[in-house]
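Q:
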Amino acid sequence: MRILSILITLIVCTGTVHAAKPIHGGYYDRDSVEARLRGMPLHIIEGIWQFPSNGATVVIERIQHDGPMTDEVVAYSMILLKSPMRSLYPGTEIGTLKPTSKRGVYSAVLYTDTDGGRRLLKPKNFTLTLNDDGHLGFHRHGSSIKANIWRMLPYISRLGIRVNNDKPRDVNGCVRVFPMSKDGPIEPRYL
Numbered sequence: 000m001r002i003l004s005i006l007i008t009l010i011v012c013t014g015t016v017h018a019a020k021p022i023h024g025g026y027y028d029r030d031s032v033e034a035r036l037r038g039m040p041l042h043i044i045e046g047i048w049q050f051p052s053n054g055a056t057v058v059i060e061r062i063q064h065d066g067p068m069t070d071e072v073v074a075y076s077m078i079l080l081k082s083p084m085r086s087l088y089p090g091t092e093i094g095t096l097k098p099t100s101k102r103g104v105y106s107a108v109l110y111t112d113t114d115g116g117r118r119l120l121k122p123k124n125f126t127l128t129l130n131d132d133g134h135l136g137f138h139r140h141g142s143s144i145k146a147n148i149w150r151m152l153p154y155i156s157r158l159g160i161r162v163n164n165d166k167p168r169d170v171n172g173c174v175r176v177f178p179m180s181k182d183g184p185i186e187p188r189y190l
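Under numbering that gives the first Met the number 0, the residues of the sequence shown are numbered 0 to 190, in order.
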């Protein structure tokens, strides 16, 4: 009886941890998203962004559009517009962003994995840095020292510690697609 109650508790807990994020309507056509964003006063982070590494396109916009409420905490949602993974539909919310005390720096919780279907897994904390030239840099939070306890079991004198800091910060990120910066294109166009 005790084992059955433990199994039921585990099933209920895993069902709530890996709940599917809602799929928002109105994100199937990029032109309609651009038209909607043109009609709103945009914050500096809001717009359409593209990941150069895989071509995924996301929309960052405010969660509340009720008006200029000064006492309300501003939060943004990152919603998928186009993905190289066919299992993720346009309109899937892949994370939330909140501004920090430093201008152009945002704290974010983004989902980093899927179960092969529509459910998003493994929410991770990120710091997003917005540059003036239309680049949004991502830096994942986490420790750079990892200890492997299983490696120490055969011989206690052997430590399994490794340091993971070979990659420079803020290399991963997005490039602004809409609205374009007033300074000109990010990459020069040749005729």
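Even for Gly, the Cβ is constructed at its ideal location relative to N, Cα and C.
(1) Got a sec, what are the start and stop residues for the alpha helix (DSSP H) serine 106 sits in?
(2) Hey, quick one: how far does the beta strand (DSSP E) through arginine 60 stretch, first residue to last?
(3) Can you name the start and end residues of the beta strand (DSSP E) that arginine 139 belongs to?
(4) By the three-class DSSP mapping on this structure, what secondary structure does glutamate 45 have?
(5) In whole angstroms, what is the alpha-carbon distance linking alanine 34 and valine 104?
(6) Could you pull the start and end residues of the alpha helix (DSSP H) that arginine 87 belongs to?
(7) Quick check on serine 76: does DSSP put it in helix, strand or coil?
(8) Opposite arginine 175 in the DSSP bridges: which residues?
(9) Measuring CA to CA, which of Arg61, Gly38, Leu135 is closest to phenylalanine 50?
(10) For valine 16, name the three-state secondary structure that DSSP assigns.
(11) By the DSSP assignment, the alpha helix (DSSP H) with valine 32 in it spans what residues?
(12) Closer than 8 angstroms by C-beta to lysine 121: which residues in its own chain qualify, once you throw out the five before and the five after it? Chain order, please.
(13) Short check: CB of proline 75 to CB of leucine 41, under 8 angstroms?
(14) Could you round the C-beta distance between serine 82 and alanine 55 to whole angstroms and report it? I think they count as a contact, below 8 angstroms.
(15) Which residues does DSSP pair with proline 122 in a beta bridge?
(16) Between the Cα of tryptophan 99 and the Cα atoms of Arg139, Val72, Leu119, which residue gives the shortest distance?
(17) Taking the CB atoms as reference points, tell me whether isoleucine 59 and isoleucine 44 lie closer together than 8 angstroms.
(18) Measuring CA to CA, which of Val170, Asn171, Asp28 is closest to aspartate 78?
A: Reading it off the structure:
(1) It is not in any alpha helix (DSSP H) - serine 106 instead sits in the beta strand (DSSP E) that spans 104-113.
(2) In the sequence as presented, arginine is not what sits at residue 60; that position holds glutamate. Glutamate 60 -> beta strand (DSSP E) spans 56-61.
(3) 134-139
(4) coil
(5) 27 angstroms
(6) A quick correction: the sequence has leucine, not arginine, at residue 87. Per DSSP, leucine 87 belongs to no alpha helix (DSSP H) and is neither H nor E.
(7) strand
(8) Trp48
(9) Leu135
(10) Reliability of the predicted coordinates at valine 16 is poor, the pLDDT of 48 falling under 50, and the value obtained from them is presented with this limitation in mind. Valine 16 falls in the helix class under three-state DSSP.
(11) 29-37
(12) Tyr110, Thr111, Asp112
(13) The question names proline, yet the displayed sequence has tyrosine at residue 75. No; because the gap between Cβ atoms is not below 8 angstroms, this pair is not in contact.
(14) 5 angstroms
(15) Tyr110
(16) What sits at residue 99 in the sequence shown is threonine, not tryptophan. It is Val72 whose Cα lies nearest to the Cα of threonine 99.
(17) yes
(18) Residue 78 is actually isoleucine in this sequence, not aspartate. Comparing Cα-Cα distances from isoleucine 78 to each of Val170, Asn171, Asp28, the minimum goes to Asp28.
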